[in-house]
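Protein chains in written order, with this note's numbering: chain Z, -18 to 226; chain B, -18 to 226.
Below you can see the structure in the form of structure tokens.
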């Protein structure tokens, strides 16, 4: 079984049946993946505003109605309580547990946000012949806090977080062209070169993910990534496969 | 005074001081304009979902907090109660009056949606040398109901409405390229050629706006446009100048 060529529905079905993927990076290439945030309805209006006001950090693919476990506009059968590779459960802002289903935690006032994930555009870059070192290394992408504030919405606030990929200048130009057309999954880079301009002191020590080396003649390329979870209370976050066919 | 070169802040200031623009088409070229929808907070969550689920019809530039009359993320001083060229007031789904300010109608539970307007991309097309017949005629763009359903969200539902611009095939290709990069103001066309494929029976009788003639050798080009007002109760709709600099 080759995970790269799984149809999204197949991958979700495997997860629903108990298969444990360690990560959904590299699964179902060519389809959009989503970061999933589930919140009580009382927080949903502010979080929806936060995503709309910071669309490049949190590009919304879908927002459910309260209690809705499907996402029909994504054109696929989805049960958000069972089809995600892993669920992190936050209570009062603290990570309290990790689960493989949330059927027993589900509430009728839960609203689900499907946020475009950079796993989607990485496949496009690779298919255009742009090497990504962290993928070649089999590691997670490097991510950094910046000094660039996002727009506040109610309790949701914080500075931009960026993912970092070193590449040759010609590849950086191609990557800008390719991802500019992918606004549903973060779109064009937010910054290139000189990490200190956005408040990154040491490119060798990421705040999240894994370190990646930059080679002679390469330039730093930064994309916005969902940092949207600062200040959220009672929040469940997950990584997901959300197939849009 | 040339309206085309007005800074958005100047135009808003003129409106606030009582100047009556008959339309904001052609004002402050090079800046984004917004369609404005103001709703009581009770309807805001569903309408926000409606826009997110139908982003090409209703591309959101900004969503206010309840009672917020400014839009700081747009980088300009805006008072949404006074700075709009005209306000249509709907009560229980019926247009009851038109106003030049809504200061006396304003409520602390009002949420304002700023939706990207095609007046913005028309200027880009013209500046790239693509003639637009309705602009040359000094008339409004032709708009049509289609048979293509939008995604429902609570009480908000309906079929897609499209704006229609006839042009030569080479210009149509350029127009697709130019507007593909403008996802905040409807982005690429949704359909070209054969109007009957999307349920338009007679291209000479638009459902909204003015009739425009198609010349020998031209092709029909259709963009999604905000039709988001079907089924809304107690709704205020306006056309606005919202400058993003």
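We treat Cβ as the ideally placed atom computed from N, Cα and C, and that holds for glycine.
### Query
residue 140(Z) by DSSP, collapsed to three states: which one?
What you label residue 140(Z) is simply residue 159 of the first chain in a count that begins at 1. Here residue 140(Z) sits in strand by DSSP.
### Query
Under a CB-based cut-off of 8 Å, is residue 206(B) close to chain Z?
Numbered from 1 along the second chain, position 225 holds the residue referred to as residue 206(B). Residue 206(B) does not count as touching chain Z.
### C-alpha gap between residue 23(B) and residue 90(Z), whole angstroms
To locate residue 23(B), count along the second chain from 1; it is residue 42. To locate residue 90(Z), count along the first chain from 1; it is residue 109. Taking the straight line joining both Cα atoms gives about 15 Å.
### Message
Just to make sure I have the definition right: I need the residues of chain Z whose C-beta is within less than 9 Å of the C-beta of residue 88(B). Which are they?
### Response
Locating residue 88(B) in the second chain gives position 107, where the first residue counts as 1. Those do not exist, as residue 88(B) stays about 16 Å from chain Z at its closest Cβ, beyond 9 Å.
### Query
Mind checking residue 220(Z): buried by the 16 CB within 10 Å criterion, or exposed?
Start at 1 with the first residue of the first chain, and residue 220(Z) comes out as number 239. Low confidence applies here, because residue 220(Z) scores a pLDDT of 40, under 50, leaving its location unreliable; read the following figure in that light. It is buried - the Cβ of residue 220(Z) has at least 16 other Cβ atoms within 10 Å.
### Message
Checking 8 Å against the spacing of the C-beta atoms, do residue 174(Z) and residue 201(Z) come in under that value?
### Response
Position 193 of the first chain holds residue 174(Z). Position 220 of the first chain holds residue 201(Z). Yes, they are a contact pair.
#### Entry: Beta-bridge partners of residue 189(B), as assigned by DSSP
Translated into the one-based positions of the second chain, residue 189(B) becomes position 208. DSSP lists 124(B) as partners of residue 189(B).
### Query
Could you give the residue range of the beta strand (DSSP E) that holds residue 16(B)?
Locating residue 16(B) in the second chain gives position 35, where the first residue counts as 1. From DSSP, the beta strand (DSSP E) with residue 16(B) extends over 15 to 21.
### Beta-carbon proximity of residue -14(B) to residue 66(B), cut-off 8 Å
In the second chain, the residue the question calls residue -14(B) occupies position 5. In the second chain, the residue the question calls residue 66(B) occupies position 85. Cβ atoms of residue -14(B) and residue 66(B): not closer than 8 Å.
### 6 Å CB neighbourhood of residue 54(B) in its chain, flanking five on each side removed
Reading the second chain from its first residue, position 73 is the one you call residue 54(B). Excluding positions up to five away in sequence, the list reads 43.
### Query
Thinking C-alpha only, which one of 129(Z), 79(Z), 146(Z) is nearest residue 68(Z)?
By one-based count along the first chain, residue 68(Z) stands at place 87. Among 129(Z), 79(Z), 146(Z), the Cα nearest to that of residue 68(Z) belongs to 79(Z).
### Query
Thinking just about the alpha-carbon of each residue, which of 88(B), 132(B), 3(B), 0(B) is nearest to the one in residue 142(B)?
Within the second chain, the letter at position 161 stands for residue 142(B). If we check each option's Cα against that of residue 142(B), 132(B) comes out closest.
#### Entry: residue -9(Z) - DSSP class collapsed to helix/strand/coil
The residue labelled residue -9(Z) in the question sits at position 10 within the first chain. In this structure, residue -9(Z) counts as helix in the three-state DSSP scheme.
### Query
Expressed to the nearest angstrom, what Euclidean distance is found between the alpha-carbon atoms of residue 97(B) and residue 9(B)?
Mapped onto the second chain, residue 97(B) falls at position 116. Mapped onto the second chain, residue 9(B) falls at position 28. Roughly 15 Å between the two C-alpha positions.
### Beta-carbon gap between residue 207(Z) and residue 16(Z) smaller than 8 Å
Walking along the first chain from the start, residue 207(Z) turns up at place 226. Walking along the first chain from the start, residue 16(Z) turns up at place 35. Closer than 8 Å, so yes.
### Query
residue 43(Z) touches chain B at which residues, Cβ-Cβ below 8 Å?
Walking along the first chain from the start, residue 43(Z) turns up at place 62. The contacting residues are 33, 34.
### Task
Anything in chain B within Cβ reach of residue 248(Z), meaning under 9 Å, just list it in chain order.
As displayed, chain Z neither begins before -18 nor continues past 226, which places residue 248(Z) out of reach and without an answer.
#### Entry: Cβ shell of residue 113(Z) (< 7 Å), same chain only, five flanking positions each side left out
Counting from one through the first chain, the residue named residue 113(Z) turns up at place 132. Excluding residues within five positions, the ones whose Cβ falls inside 7 Å are 103, 106, 107, 146.
### Query
Alpha carbon to alpha carbon, how far is residue -2(B) from residue 168(Z)?
Here residue -2(B) refers to the residue found at position 17 of the second chain. Here residue 168(Z) refers to the residue found at position 187 of the first chain. Between residue -2(B) and residue 168(Z), the C-alpha separation is close to 40 Å.
### Message
Would residue 54(Z) pass as an interface residue toward chain B - the criterion being a Cβ-Cβ separation below 8 Å?
### Response
Within the first chain, the letter at position 73 stands for residue 54(Z). It does; some Cβ of chain B falls within 8 Å.
### Query
So with Cβ pairs under 8 Å, would you call residue 155(Z) a contact of chain B?
Within the first chain, residue 155(Z) is the residue found at index 174, counting from 1. Closer than 8 Å: no.
### Within chain Z, the residues that residue 25(B) reaches when beta carbons sit closer than 7 Å
In the second chain, residue 25(B) corresponds to position 44, counting from 1. Residues of chain Z passing the Cβ test: 26.
### Query
With 16 as the cutoff for other CB atoms within 10 Å, does residue 41(Z) come out buried or exposed?
Residue numbering aside, residue 41(Z) sits at position 60 when the first chain is read from its first letter. Classification of residue 41(Z): buried, given that the 10 Å Cβ count is 16 or more.
### Query
Are residue 140(Z) and residue 160(Z) touching if we call contact CB-CB under 8 Å?
Position 159 of the first chain holds residue 140(Z). Position 179 of the first chain holds residue 160(Z). Not in contact: residue 140(Z) and residue 160(Z) (Cβ atoms no closer than 8 Å).
### Message
Excluding the 5 residues flanking residue 178(Z) on each side, which residues of the same chain have their C-beta closer than 6 Å to its C-beta?
### Response
To locate residue 178(Z), count along the first chain from 1; it is residue 197. If we look at residue 178(Z) and ignore the five residues flanking it on each side, it has no Cβ neighbours.
### Interfacial residues, the region -1 to 30 of chain B to chain Z, with Cβ spacing under 9 Å
22, 25, 26, 27, 29, 30
### Query
According to DSSP, which residues form a beta bridge with residue 71(Z)?
Within the first chain, residue 71(Z) is the residue found at index 90, counting from 1. Per DSSP, 76(Z).
### Task
May I ask you to list the residues that DSSP assigns as paired with residue 172(B)?
The residue labelled residue 172(B) in the question sits at position 191 within the second chain. Residue 172(B) pairs with 203(B).
### Task
Pull up the CB-CB distance for residue 111(B) and residue 62(B), whole angstroms please, since I reckon it's below 8 Å.
Working through the second chain from its first residue, we reach residue 111(B) at position 130. Working through the second chain from its first residue, we reach residue 62(B) at position 81. Not quite, the Cβ-Cβ distance comes to about 37 Å (not below 8 Å), so this is no contact.
### Query
Exposed or buried, which one is residue 52(B) when buried takes at least 16 other CB atoms within 10 Å?
Sequence index remark: in the second chain, residue 52(B) carries index 71 (1-based). Its Cβ being crowded by 16 or more others within 10 Å, residue 52(B) is buried.
### Message
Let me make sure I understand the geometry here. Which of 70(B), 158(B), 203(B) has the alpha-carbon closest to that of residue 129(B)?
### Response
Taking the first residue of the second chain as 1, we reach residue 129(B) at position 148. Looking at the Cα atoms, 203(B) is the closest of the given residues.
### Query
When the Cα atoms are used, what is the spatial distance from residue 205(B) to residue 118(Z)?
The count along the second chain starts at 1 and reaches residue 205(B) at position 224. The count along the first chain starts at 1 and reaches residue 118(Z) at position 137. If you take the alpha carbons of residue 205(B) and residue 118(Z), they lie about 43 Å apart.
### Query
Along chain B, in chain order, which residues have C-beta atoms closer than 7 Å to that of residue 109(Z)?
Taking the first chain and counting its residues from 1, the one referred to as residue 109(Z) is at position 128. Per Cβ cutoff of 7 Å: no residues; residue 109(Z) is ~18 Å from chain B at best.
### Task
Return the chain-ordered list of same chain residues with a C-beta closer than 8 Å to the C-beta of residue 82(B), the five sequence neighbours on each side being excluded.
Mapped onto the second chain, residue 82(B) falls at position 101. Excluding sequence neighbours, residue 82(B) sits near 62, 63, 68.
### Query
Tell me the DSSP bridge mates of residue 92(Z)?
The residue labelled residue 92(Z) in the question sits at position 111 within the first chain. The partner list for residue 92(Z) (beta bridge, DSSP) reads 20(Z).
### Query
Any beta-carbon of chain B closer than 8 Å to the one on residue 46(Z)?
For the purposes of this step, residue 46(Z) is taken as the residue at position 65 of the first chain. Yes - at least one Cβ of chain B is within 8 Å of the one on residue 46(Z).
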